[in-house]
Amino acid sequence: MAATETIQIPLGFTAPNFKLFDPVSGVHKSLDELKSDKATVIAFICNHCPFVKHIIHEFIAIANNFMPKGISFIAINSNDVANYPEDNPEKMKDWATSLNFPFSYLYDESQNIAMNYSAACTPDFNIFDGDLKCVYRGRLDGSTPGNNVPVTGSDFRNALEAIVNGKEINKEQFPRLGCGIKWKFQ
Numbered sequence: 000m001a002a003t004e005t006i007q008i009p010l011g012f013t014a015p016n017f018k019l020f021d022p023v024s025g026v027h028k029s030l031d032e033l034k035s036d037k038a039t040v041i042a043f044i045c046n047h048c049p050f051v052k053h054i055i056h057e058f059i060a061i062a063n064n065f066m067p068k069g070i071s072f073i074a075i076n077s078n079d080v081a082n083y084p085e086d087n088p089e090k091m092k093d094w095a096t097s098l099n100f101p102f103s104y105l106y107d108e109s110q111n112i113a114m115n116y117s118a119a120c121t122p123d124f125n126i127f128d129g130d131l132k133c134v135y136r137g138r139l140d141g142s143t144p145g146n147n148v149p150v151t152g153s154d155f156r157n158a159l160e161a162i163v164n165g166k167e168i169n170k171e172q173f174p175r176l177g178c179g180i181k182w183k184f185q
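Okay, here's the thing in structure tokens:
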């Protein structure tokens, strides 16, 4: 697994709109219909990545904790499924269902949305405020497969707690390490 970091771009960019297929429901869903007036999390994940598998249960727990507090969560898979068939929409549906994802898990077949968000790896986490301005772009916590740091979600949870409590998010944010997105053109 080749490790890739989140691309650090200035905070404050506006979340690009999208309408993507949701394999679980079988319909297309847009950012406009899934966003929250309080905050929206957009995470780029996939089924097969060991970095995603390492944190997925904590990410689901965080979503279950913060969705009732008015924060929306959206997961997007942008991987090339021709070369990585374990990430295809049917297997996305199976995985999301078996893990009881409380959020939509959308398929970015064209990979345009990943490019529009400057997503580089899985997982790649972004938090947008009620105006869809990016206020957090970084890691869940310092844990990665094999580094023996427990998965706590502390960095991500602290950012979400700040939003819920109307406080400023810590500007010191650390990039997430993960598997590079599997681009069709590579």
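Numbering follows numbering that gives the first Met the number 0, in which position 3 of the sequence shown is assigned residue number 2; successive positions increment by one, without gaps.
Think of the CB as a built atom: it goes at the ideal place given N, C-alpha and C, for glycine as much as any other residue.
The structure displayed is predicted, hence computed values, not measured ones.
- Within the same chain, Cβ atoms closer than 8 Å to the Cβ of residue 88 are found at 20, 22, 80, 106, the five residues on either side in sequence being excluded.
- Contact between the segment 59-71 and the segment 108-118 is absent: fewer than 3 CB-CB pairs across the two stretches fall below 8 Å.
- Look at residue 140 here: in three-state DSSP terms it is coil, with no helix or strand label.
- By alpha-carbon distance to residue 179, the top candidate from 32, 99, 130, 48 is 48.
- Residue 54 carries a helical assignment under DSSP once its states are collapsed to helix, strand and coil.
- Around the CB of residue 182, fewer than 16 other CB atoms lie within 10 Å, so the residue is classed as exposed.
- Excluding five sequence positions before and after residue 153, the CB atoms of its chain that fall closer than 6 Å to its own CB belong to 140, given in chain order.
- DSSP places residue 163 inside the alpha helix (DSSP H), whose first and last residues are 153-163.
- A check of alpha carbon separations from residue 15 across 90, 4, 127, 56 identifies 127 as the nearest.
- A check of alpha carbon separations from residue 176 across 120, 134, 77, 160 identifies 120 as the nearest.
- According to the DSSP assignment, residue 74 belongs to no alpha helix (DSSP H) but to the beta strand (DSSP E) extending over 70-76.
- Under the criterion of beta carbons closer than 8 Å, residue 100 and residue 59 qualify as touching, at roughly 7 Å.
- Cβ neighbours of residue 41 within its own chain (closer than 6 Å, five residues either side excluded): 73, 125.
- Contact between residue 149 and residue 50 is ruled out by a C-beta separation of about 15 Å, above the 8 Å threshold.
- Assignment of beta-bridge partners to residue 37 by DSSP yields no partner.
- With a threshold of 16 other beta carbon atoms within 10 Å, residue 57 meets it and is buried.
- A check of alpha carbon separations from residue 110 across 134, 75, 135, 103 identifies 75 as the nearest.
- In the assembly as shown, residue 11 is an exposed residue. Its beta-carbon has fewer than 16 other beta-carbons within 10 Å.
- Here residue 159 is buried: its Cβ has 16 or more other Cβ atoms, across all protein chains shown, within 10 Å.
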